[in-house]
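This report refers to the structure that appears directly beneath it.
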């Protein structure tokens, strides 16, 4: 048989393979979603009909200022009901917990170690992004939830967070991993009992705020969890769990979360992803100056950055995917450092005492993969000792001062 004859037989086989491939591809379709909110109506969209359920951090600060004023009124009413004087000299404590994936074990350990030290305060306001969003409800509710917080970050494994998808997910799905396991994990801890406790604390004038990114509009959203919990809406708990999942949805890696909203009775859907896509931590929007809101108070802010701040050296292969991955990690690290600096300068403007904790260069446990249990347990133990020793807190971000006045 001639070579031409062999080639002639290969063509039908190749054509058949191509036809099968085209048929398989045509059978694949990207996940559907509802209509996006028109750009002109971005801030008008509401979920569950709760007017103060959320705020746009880059928008008009008036709604957030009003929410803060109402919180102060609830605080004063609570003190009065308890027969306590409205002592304006009493310090007000804020806590901001950053993103960082499995490095959230540091923040969990630090908070629990702080409890062991005996100086952990009750926070007037707690904010969280990404893994910090998962930590924030526990931190907000205080030491009674320390055991549950420890369990989350010392018993977590990759298979309790996500299920990997095939390579075709890059073209025909909404992420490279299915976060159904994370949704189950969130539901295990974000219970009705926890939600009711958040509502009770909101009634006392305390605030729990979670950040996500509204991807359609490319805007940061701050969810007012206490107001959602206090709404009494039958779907409020479901919304709370979706917010926690959305704040942890690393774009392209973890599934985005779709929120049903309404404008003038017409339904739309918003796509939300990790709040860290815009800011890896936040205290309050820079457009708000707490120094000019209400009476003068002694305000103290504590920032937990679930990451190292020193550069991590690595010899990178001369390969496209390696170079791109390293560049993205560098971008994220730089963005996180800028968030720390922004928060610092805002607190200095507003005369808020600044305290920063982060993973030090002295932590050297190996990390063989994402959500490795041994690594997370080592990091939790490190954070716990930092919190219990009282040595965790820095008065300035690295590089702004030659000396760092922190307790020793």
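Residue numbers (our numbering): 227 to 634. We put the CB at the ideal spot given by N, CA and C, even for glycine.
Spanning the alpha carbons of residue 480 and residue 535 requires a straight line of approximately 25 Å.
For the options 416, 585, 565 and 342, the alpha carbon positioned closest to that of residue 501 is the one of 565. Here residue 417 is exposed, its C-beta having fewer than 16 other C-beta atoms within 10 Å.
Rounded to whole angstroms, the gap between the alpha carbons of residue 367 and residue 427 is 8 Å.
By the criterion of a C-beta distance shorter than 6 Å, residue 333 is surrounded in its chain by 323, 361, 530 and 532, once the five residues flanking it on both sides are discounted. A Cβ-Cβ contact shorter than 8 Å links residue 579 with residue 527. Residue pairing by DSSP places residue 447 opposite 282 and 438 in a beta bridge. Within the same chain, and ignoring the five residues on either side of residue 305 in sequence, the residues whose Cβ sits closer than 6 Å to its Cβ are 312. Residue 387 is not a Cβ neighbour of residue 414, given a cutoff of 8 Å. Residue 521 is classed as exposed because its beta carbon has fewer than 16 other beta carbons within 10 Å across all chains shown. Following the DSSP letters along the chain, one finds residue 301 in no beta strand (DSSP E) but inside the alpha helix (DSSP H) bounded by residues 288-307. Here the alpha carbon of residue 261 sits roughly 35 Å from the alpha carbon of residue 429. No Cβ-Cβ contact shorter than 8 Å links residue 471 with residue 487.
Listed in chain order, the non-local C-beta contacts of residue 544 below 7 Å within the same chain number zero, local neighbours out to five positions each way being set aside. Between residue 621 and residue 581 a beta carbon distance of about 7 Å is seen, short of the 8 Å cut, so the two are scored as contacting.
Selection 475, 453, 289 and 373 evaluated against residue 355 yields 475 as nearest (Cα-Cα).
DSSP, read as helix, strand or coil, puts residue 494 in strand.
For residue 589, same chain residues with a beta-carbon under 6 Å away, outside a window of 5 residues either side, are 608 in chain order. Under the three-pair Cβ rule at 8 Å, the stretch 392-411 does not count as touching the stretch 268-278. Closest in alpha carbon position to residue 491, among 258, 263, 257 and 259, is 263. Under the criterion of beta carbons closer than 8 Å, residue 384 and residue 439 do not qualify as touching, at roughly 24 Å. Membership of residue 378 in the alpha helix (DSSP H) is indicated by the continuous run 372-381. Under DSSP, residue 585 shares a beta bridge with 534. The C-beta separation of residue 433 from residue 452 comes to about 6 Å, placing the pair in contact by the 8 Å criterion. Judged by their CB atoms, residue 320 and residue 525 are nearer to each other than the 8 Å cut-off.
The three-state secondary structure of residue 402, taken from DSSP, is coil. Around the CB of residue 539, fewer than 16 other CB atoms lie within 10 Å, so the residue is classed as exposed. The bridge partners DSSP lists for residue 610 come to none. Only residues of its own chain outside the window of five on either side were considered, and among them 383 have a CB closer than 6 Å to the CB of residue 599, listed in chain order. One Cα belongs to residue 329, the other to residue 309, and the distance between them is close to 43 Å. Taking a C-beta distance under 8 Å as the contact criterion, residue 448 and residue 571 do not qualify as a contact pair.
Around the Cβ of residue 286, a 10 Å sphere holds fewer than 16 other Cβ atoms; the residue is exposed.
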